[in-house]
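Trainee:
Written as structure tokens, this is what we have:
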């Protein structure tokens with residue numbers, strides 16, 4: 002017998018395991034779609050867990066949430082937002098880290114350390130301070146933003162600009178020395 006989503010969610014909130022499994026089965030196609038679209042290995046697990054947590058947050062006491070179409074829309078939108086959040090979080094893990102860009106192992110060699118200091122001096126004082134705090138002293142963007150009394154977004158923008166400059170400088174120097 003087909004049970005409305007409203008009834009199913011009420012049973013899920015009562016910790017009925019069969020209802021939880023049925024809810025996951027109903028949204029399995031959407032979860033699998035996001036799993037296939039993502040490079041993140043555990044996307045299906047993340048979204049299944051999120052769906053189970055979402056059951057408690059759905060405002061089914063509102064009148065419009067008595068109809069399935071509103072509940073489906075709410076869950077689909079929530080799953081999509083979670084998919085985007087998880088992908089963003091894992092996207093930056095796969096990116097080249099600063100050690101690879103700057104080749105920080107060169108700091109073990111005195112000559113390379115001098116070259117790195119010279120390159121860092123070509124940055125603006127603000128960019129240099131942010132790079133040093135972020136990658137050498139391991140401060141988070143939020144902590145740096147609090148130190149400079151500016152937004153985290155401004156820190157992130159300055160950091161990205163500085164990294165691009167460093168990358169460009171290093172590739173130019175590599176081309177010159179080659």
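Residue numbers (my numbering): 2 to 179.
Backbone N, C-alpha and C define an ideal beta-carbon position, used for all residues, glycine too.
(1) Quick one: residues in its chain with C-beta nearer than 6 Å to the C-beta of residue 97, no 5 flanking neighbours on either side, listed in chain order?
(2) What residue ranges within the stretch 4–62 form continuous beta strand (DSSP E) runs of no fewer than 3 residues, ordered along the chain?
(3) Does the separation of the CB atoms of residue 163 and residue 128 fall below 9 Å?
(4) Using DSSP with H/G/I as helix, E/B as strand and the rest coil, what is residue 151?
(5) Identify whether residue 158 lies in helix, strand or coil by the three-state DSSP scheme.
(6) Taking residue 36 and residue 45 to be in contact with their CB atoms under 8 Å, please state how far apart those CB atoms are, rounded to whole angstroms.
(7) With a threshold of 7 Å on Cβ separation, who are the neighbours of residue 49 within its own chain once the five nearest residues in sequence on each side are excluded?
(8) What did DSSP end up calling residue 140 once you bin it into helix, strand or coil?
(9) Determine whether the beta carbon atoms of residue 76 and residue 53 lie at a separation below 9 Å.
(10) Leaving out five residues before and five after residue 131 in sequence, what residues of the same chain have Cβ atoms less than 7 Å from its Cβ?
(11) Which whole-angstrom value is the C-beta distance of residue 88 and residue 41, which I expect to be below 8 Å?
(12) Need the endpoints of the alpha helix (DSSP H) that residue 129 sits in, please.
(13) Straight-line CA distance for residue 59 to residue 67?
(14) In chain order, what residues of the same chain lie with their CB nearer than 6 Å to the CB of residue 4, ignoring the 5 residues before and after it?
(15) Rank 14, 167, 151 by C-alpha distance to the C-alpha of residue 55 and give the top, closest one.
(16) Alpha carbon to alpha carbon, how far is residue 64 from residue 143?
Mentor: According to the structure data:
(1) Per-residue confidence for residue 97 stands at a pLDDT of 48, beneath the threshold of 50, marking its modelled position as unreliable; the derived number appears in the next sentence. Nothing listed; no residue qualifies.
(2) none
(3) yes
(4) Residue 151 falls in the coil class under three-state DSSP.
(5) helix
(6) Your pair residue 36 and residue 45 checks out as a contact, with CB atoms roughly 4 Å apart and the cut at 8 Å.
(7) Excluding residues within five positions, the ones whose Cβ falls inside 7 Å are 25, 32.
(8) coil
(9) no
(10) 145, 156, 159, 160, 163
(11) Indeed, because the Cβ distance is near 6 Å, the residues count as touching under 8 Å.
(12) Looking at the DSSP string, the run of the alpha helix (DSSP H) that includes residue 129 is 126–132.
(13) 11 Å
(14) none
(15) 14
(16) 41 Å
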